[in-house]
Amino acid sequence: AQTVTQSQPEMSVQEAETVTLSCTYDTSESDYYLFWYKQPPSRQMILVIRQEAYKQQNATENRFSVNFQKAAKSFSLKISDSQLGDAAMYFCAYRSQGAQKLVFGQGTRLTINP
Amino acid sequence: DAGVTQSPTHLIKTRGQQVTLRCSPISGHKSVSWYQQVLGQGPQFIFQYYEKEERGRGNFPDRFSARQFPNYSSELNVNALLLGDSALYLCASSLGSSTGNTIYFGEGSWLTVV
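Note that the protein sequences, when read in sequence, are chains A and B.
So in my numbering, spot 4 of the first sequence is number 5, and the numbers just go up one at a time.
So in my numbering, spot 27 of the second sequence is number 960, and the numbers just go up one at a time.
Right under this line is the structure:
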């Protein structure tokens, strides 16, 4: 079974600075998808960014980018120019090829200091 | 267009009772999944339905059941409630069962068992 580990329960960053959230995963599969979801106090999971394992290029979405290291099974999220609205729980998630099930990590609470 | 809608938003039940949670997927989406998120943890996969058939089941007891209707809405039923069933129950929908389809989440139903 696949597992996802987020070793940072909490992180904080100054507004406008850059922060990196860590995620590692364990799988024996070669084809899969990785995601970062944001969960604000409203509790709705919002997709931030996705990465297909077969793509070597790291995904980017505006201020959000990932560092995908397939051999190391590492998938970190970098948030540049942090904004107050970025404050939330961030979850790393794994999805097998051909499956709908998402496997989530424990989450990292991100605080933005003004 | 409306997103994934869930009802009720909050509810309190007594141990041993039964509860039904409802979910309406995004218009045109045929796949619905259910997740349980206990406070302080990441969501755990319960069920996935596609075209009214169960396509996946997580490691939950038989007290948990679900179904999908012809209009693709879904219900999650939990019988013989335990204190440990207290959690946020998230519904998610996607266009189909393909891994390439983005999964969208609702805001969840908060269940408190007393």
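Glycine is no exception: its CB is placed at the ideal position from the N, C-alpha and C atoms.
query: Three or more beta-carbon pairs under 8 Å between the segment 941-960 of chain B and the segment 27-41 of chain A, yes or no?
result: no
- prompt: Just the Cα atoms here: how many angstroms apart are B/Cys1024 and B/Gln939?
  reply: 7 Å
- request: Compare the beta carbon distance of B/Val1046 and B/Asp1018 with 8 Å and say whether it is the shorter of the two.
  value: yes
- prompt: Any Cβ of chain B within less than 8 Å of the Cβ of A/Ala107?
  reply: Checking the sequence, you will find Gln at residue 107 of chain A rather than Ala. Cβ-Cβ to chain B under 8 Å: yes for A/Gln107.
message: Just to confirm the assignment, what range does the beta strand (DSSP E) spanning A/Gln114 have?
response: The question names Gln, but residue 114 of chain A in the sequence shown is Asn. Per DSSP, A/Asn114 belongs to the beta strand (DSSP E) from Thr109 to Asn114.
field: Burial state of B/Gly973 (16 or more Cβ within 10 Å)
entry: exposed
message: To test your reading of the DSSP string, which unbroken beta strand (DSSP E) runs of 3 or more residues are found completely within the segment 41-97 of chain A?
response: 47-53, 65-70, 75-80 and 89-97
query: Is A/Leu22 helix, strand or coil when you go by DSSP?
result: For A/Leu22, the secondary structure class from DSSP, reduced to helix, strand or coil, is strand.
Buried or exposed by the 16-neighbour rule on C-beta atoms within 10 Å, applied to B/Thr947: exposed
field: Nearest to A/Arg64 (by Cα), restricted to the options A/Ala72, A/Lys56 and A/Gln84
entry: A/Gln84
task: Would you mind stating whether A/Asn114 and A/Glu53 have Cβ atoms separated by less than 8 Å?
output: Between A/Asn114 and A/Glu53, the gap from beta carbon to beta carbon reaches 8 Å or more.
query: Nearest to B/Tyr968 by alpha carbon, out of B/Leu944, B/Glu986, B/Phe993 and B/Lys985?
result: B/Phe993
- prompt: Which whole-angstrom value describes the C-beta separation of A/Ser13 and A/Thr109, a residue pair presumed to lie in contact below a C-beta threshold of 8 Å?
  reply: Not a contact, Cβ separation roughly 11 Å.
message: Is there a C-beta anywhere in chain A that falls below 8 Å from the one on B/Gln981?
response: yes
Minimum Cβ-Cβ distance from B/Phe1038 to chain A less than 8 Å: yes
task: Sort B/Phe1002, B/Arg996, B/Phe997 and B/Asp995 by Cα distance to B/Tyr982 and report the nearest one.
output: B/Phe1002
message: I believe A/Lys56 touches A/Asn68 by the beta-carbon criterion, under 8 Å. Please report the beta-carbon distance rounded to the nearest angstrom.
response: The Cβ separation is near 13 Å, so there is no contact.
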